[in-house]
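Read the structure below first, then the notes.
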Amino acid sequence: MNTGLFEYGKFTYFSVFTFFDILKNKVLEIENIVLSIVVSGLRQRIGFQTIPSNN
């Protein structure tokens with residue numbers, strides 16, 4: 015009985031740990047996407063501002 019409870023606790027801990035690992039990876043993916051969107055947006059904004067000033 016005690017060993018079964020321990021195994022269940024170990025499994026629960028592992029699944030929670032795996033879930034948080036997946037969640038962390040998803041957050042990093044989303045951060046990278048947001049960052050690339052922001053960077054490309056800034057590049058476009060800077061590009062549009064510098065073109066008229068050069069002319």
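Position 48 of the sequence shown, counted from 1, bears residue number 62 in the working numbering, the numbering being contiguous throughout. Don't be surprised by glycine CBs; every beta carbon is placed ideally from N, CA and C.
For residue i and residue j, what's the separation of their Cα atoms in angstroms?
i     : j     : result
Ser50 : Gly18 : 48 Å
Gly61 : Phe28 : 49 Å
Phe9  : Gln58 : This structure cannot speak to residue 9, because the chain is shown only from 15 to 69.
Gly23 : Phe31 : 12 Å
Val53 : Thr26 : 40 Å
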